[in-house]
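Participant:
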Amino acid sequence: MSVSYLLGIDAGTTVIKSTLFDLAGREIAGASHASSFLTPRPGWAESDMETVWQAVAITVRETLAHAAIDPAQVLAIGVTGQGDGTWLVDAGGAPVRPAILWSDGRTAELVKACWQTGVGREVFQITGTALSTCNQAMHLRWLQEHEPATLANTAAALRAKDWIFLRMTGVVSTDATDASHTYFSVYTQAYDDRILKLLGVERWRAALPAAPRPVEHKAPLLPAVANALDLAPSTPVVAGPFDVAASALGVGAAFPGDACSVPGTAGVHQVMVDSPVLEPADIGYNMCHAPAGVLVRLLPTMASTQNLQWFAREFYTAEWAEAQQSHANIWDVLEDIAEQEPLGARGVIYHPYLDPAGERAPFISSAARAQFSGISVHHTRATLLRAVYEGVALSVLDCYATMGAVVATLRLAGGGARSSLWAQMLADALAAPVIIAEGSEYGARGAVINAAVATGIYASYAEAIQQMVRPARTVTPVPGNHARYQALLHLYRAERQAMMSVWEARSM
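Residue 23 in numbering that gives the first Met the number 0 sits at position 24 of the sequence shown, and the numbers go up by one each step.
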């Protein structure tokens, strides 16, 4: 009897990945390819949509070639991708302009004005999500003012996974996880036109596509696309949830009380709830999860693992080159160095607000910037490296403390889940076990879990998770370290508060 598989596609900010899973959730084969990441102006972040699609096609074909399977063995395709952002298409389904990504900062002044006039607070009371530069409605507002011809040619405003779904199926749509935090009432979990009116973009209501639950967001693969991708015609394609919720689903965080952090390019820290959580007000997201009746309350930072990538690139170039020559893993090398430094980084604190667009959680400031403090002549690169690791961990702790969330167990997803040092830091900081699931492609696994439920392979999300998610390791807290991280958090927050006015003055 032939073995059956599920294909997951994850369209990240800088990398496109395809991964083949068996029905037990094991990663069988995979491929990755650089996405399109453009910076036409300082603070802008865009993608060429056709390049993104071609990267998807390359990774799908390479994955299937590596696996050497019959295309008919692929029972379904699950698609996920970066959230927020604005991917515009015309009536023929062609891109109108390059996609504006979630990390783009061009709307900073518009967002600031919304908060100053009270519009931001009104929107939060409806959506449960704070306005930020990531928000698609704010992108539409900017385009309305600066590129009216672009919107005049726009038939639909999509997100990353929706663009891929359109190319694979010909269907223009989105799903509830992507649409909910921008356009839904958090109480009705449906489009609310008050939001568009408040933000001055009501004339583009027709460009917002249907947004069913992820389990309902499916269509057959087009024959011509199937032929181009080496897949079987009419293979079910299921799009959603978007990468944040997909990663949570992919590590088993799906039901009220579950908590999951995704330290990736951005940092996403989330708890699953059964009703809206509007405190603290005007911060973070409330959005639909894949399982019906479950919401995700989350605080998303702008930068997480990219802090380490930046520091390694700028301060450990020789070690990086040596690691490449010897085929060593540079991240293992850096982790070994950081582990030799003591908890507290000898008094150095790092704030990981590295993104040019500033920060969006647990506070909103387009002027926020990364910084080291407490440096003396006695400190070394290794001290600063340790401080970068701790600064990212303190950012996570800051988010959960701001939400008032009691984290009994934390599940990790994203690239940062590969770091044993970060896992231990988070276990100590939260005084809670940290679970890392088997595998590494958690977003793609979440997408295929959703596809498995949508196509009836499994009867429920609970059954799919039971069959497809297993812990690889559990990290337990070191007694006594929790109090030390709490003391560090106090200093970390005090310095951040003290810098607010300085950041603002510097940006003027």
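The beta carbon of each residue, even a glycine, is placed where N, CA and C say it ideally should be.
Are the beta-carbon atoms belonging to Ala351 and Asp397 less than 7 Å from one another?
Facilitator: For this step, residue 351 is matched to residue 352 along the sequence shown. For this step, residue 397 is matched to residue 398 along the sequence shown. With the sequence shown as reference, residue 351 is identified as Pro, and Ala is not the correct amino acid for it. No, the pair does not count as a contact, with Cβ atoms beyond the cut-off.
Participant: Quick check: the region 418-430 against the region 442-461, are at least 3 beta-carbon pairs closer than 8 Å?
Facilitator: Judged by Cβ distances under 8 Å, the region 442-461 makes no contact with the region 418-430, as fewer than three pairs qualify.
Participant: In three-state terms, what does DSSP make of Thr149?
Facilitator: As a first step, residue 149 is located in the sequence shown; it is residue number 150 there, counting from the start. If DSSP states are grouped into helix, strand and coil, Thr149 belongs with the helices.
Participant: Using alpha carbons as the reference points, say which of Pro478, Val293, Tyr484 lies closest to Pro275.
Facilitator: As a first step, residue 275 is located in the sequence shown; it is residue number 276 there, counting from the start. Among Pro478, Val293, Tyr484, the Cα nearest to that of Pro275 belongs to Val293.
Participant: Determine the direct distance from the alpha carbon of Cys287 to that of Pro299, and round the result to whole angstroms.
Facilitator: In the sequence shown, residue 299 corresponds to position 300, counting from 1. In the sequence shown, residue 287 corresponds to position 288, counting from 1. The alpha-carbon atoms of Pro299 and Cys287 are separated by roughly 15 Å.
Participant: Cβ atoms of Gln124 and Thr181: under 7 Å apart, would you say?
Facilitator: As a first step, residue 181 must be located in the sequence shown, where it is residue number 182. As a first step, residue 124 must be located in the sequence shown, where it is residue number 125. Not closer than 7 Å, so no.
Participant: Please go through the same chain and pick out, in chain order, the residues whose beta-carbon is closer than 8 Å to the beta-carbon of Met0, but skip the five residues on each side of it.
Facilitator: Against the sequence shown, residue 0 aligns to sequence position 1. Confidence is the limiting factor: at Met0 the pLDDT is only 47, short of 50, which leaves the residue's position unreliable, though a coordinate-based value still follows. Within the same chain, Met0 has no close Cβ partners at all.
Participant: Looking at the unbroken alpha helix (DSSP H) that takes in Asp335, where does it start and where does it end?
Facilitator: Along the sequence shown, one-based indexing puts residue 335 at 336. Looking at the DSSP string, the run of the alpha helix (DSSP H) that includes Asp335 is 329-338.
Participant: Where Asn480 and Ala416 are concerned, what is the direct C-alpha to C-alpha distance, given to the nearest angstrom?
Facilitator: Sequence index remark: in the sequence shown, residue 480 carries index 481 (1-based). Sequence index remark: in the sequence shown, residue 416 carries index 417 (1-based). Cα-Cα distance, rounded: 20 Å.
Participant: Buried or exposed: Met499, going by 16 or more other Cβ atoms within 10 Å of its Cβ?
Facilitator: Sequence index remark: in the sequence shown, residue 499 carries index 500 (1-based). Burial call: exposed.
Participant: Do you know offhand how far Pro39's Cα is from Glu462's?
Facilitator: The residue given as residue 39 occupies position 40 in the sequence shown. The residue given as residue 462 occupies position 463 in the sequence shown. Roughly 46 Å separates the two Cα atoms.
Participant: What does the Cβ neighbour count give for Ile15, buried or exposed, with the cut at 16 atoms within 10 Å?
Facilitator: For the purposes of this step, residue 15 is identified with residue 16 of the sequence shown, where counting begins at 1. The residue is buried, with at least 16 neighbouring Cβ atoms inside 10 Å.
Participant: Quick one: grab the DSSP three-state call for Pro470.
Facilitator: Walking along the sequence shown from the start, residue 470 turns up at place 471. Pro470 falls in the strand class under three-state DSSP.
Participant: Whole-angstrom Cβ separation of Ala404 and Ala258, contact assumed at under 8 Å?
Facilitator: Translated into the one-based positions of the sequence shown, residue 404 becomes position 405. Translated into the one-based positions of the sequence shown, residue 258 becomes position 259. Indeed they touch by this definition, with Cβ atoms about 7 Å apart.
Participant: Taking the beta strand (DSSP E) that Gly119 falls in, what are its first and last residues?
Facilitator: Position 120 of the sequence shown, counted from the first residue, corresponds to residue 119. First-last for Gly119: 118-126, but that is the alpha helix (DSSP H), not the beta strand (DSSP E).
Participant: Could you check what DSSP says for Arg166 in three-state terms: helix, strand or coil?
Facilitator: Position 167 of the sequence shown, counting from 1, holds the residue named residue 166. Reduced to three states, the DSSP call for Arg166 is helix.
Participant: Going along the chain, which residues of its own chain have a beta-carbon closer than 6 Å to the beta-carbon of Thr106, five neighbours each way excluded?
Facilitator: Counting from 1 along the sequence shown, the entry for residue 106 is found at position 107. The residues are Thr132, Met137, Trp141.
Participant: Please decide whether Phe123 counts as near chain B, where near means a Cβ-Cβ distance under 7 Å.
Facilitator: Annotation note: the requested chain B is absent from the structure, which comprises a single protein chain.
Participant: Would you kindly check if the distance between the Cβ of Arg158 and the Cβ of Gly104 is under 7 Å?
Facilitator: Start at 1 with the first residue of the sequence shown, and residue 104 comes out as number 105. Start at 1 with the first residue of the sequence shown, and residue 158 comes out as number 159. Against a cut-off of 7 Å, the Cβ pair of Arg158 and Gly104 comes out as no contact.
Participant: At what residues does the beta strand (DSSP E) containing Thr304 begin and finish?
Facilitator: Against the sequence shown, residue 304 aligns to sequence position 305. Note, Thr304: premise wrong, no beta strand (DSSP E); alpha helix (DSSP H) at 304-314.
Participant: With distances taken from CA atoms, which of Ala223, Tyr190, Pro211 is nearest Glu531?
Facilitator: One cannot answer for residue 531 here, as it falls past the ends of the chain, which runs 0 to 507.
Participant: Considering only the beta carbon of each residue, do Met301 and Asp354 sit closer than 7 Å?
Facilitator: Translated into positions along the sequence shown, residue 301 becomes position 302. Translated into positions along the sequence shown, residue 354 becomes position 355. Contact flag set, yes.
Participant: Give the DSSP-derived three-state secondary structure of Pro213 in the structure shown.
Facilitator: Position 214 of the sequence shown holds residue 213. Reduced to three states, the DSSP call for Pro213 is helix.
Participant: So the beta strand (DSSP E) Asp69 belongs to, where does it begin and stop?
Facilitator: Position 70 of the sequence shown holds residue 69. Segment: none, Asp69 is in no beta strand (DSSP E) and carries neither H nor E.
Participant: Helix, strand or coil for Met499? Go by DSSP, reduced to three states.
Facilitator: Start at 1 with the first residue of the sequence shown, and residue 499 comes out as number 500. Correct three-state label for Met499: helix.
Participant: Specify the secondary structure class of Gln269 as computed by DSSP and reduced to three states.
Facilitator: Taking the first residue of the sequence shown as position 1, residue 269 is located at position 270. Three-state DSSP puts Gln269 in a strand.
Participant: Can you tell me whether DSSP reads Trp86 as helix, strand or coil?
Facilitator: Looking up residue 86 in the sequence shown gives position 87. Residue state, collapsed to three classes: strand.
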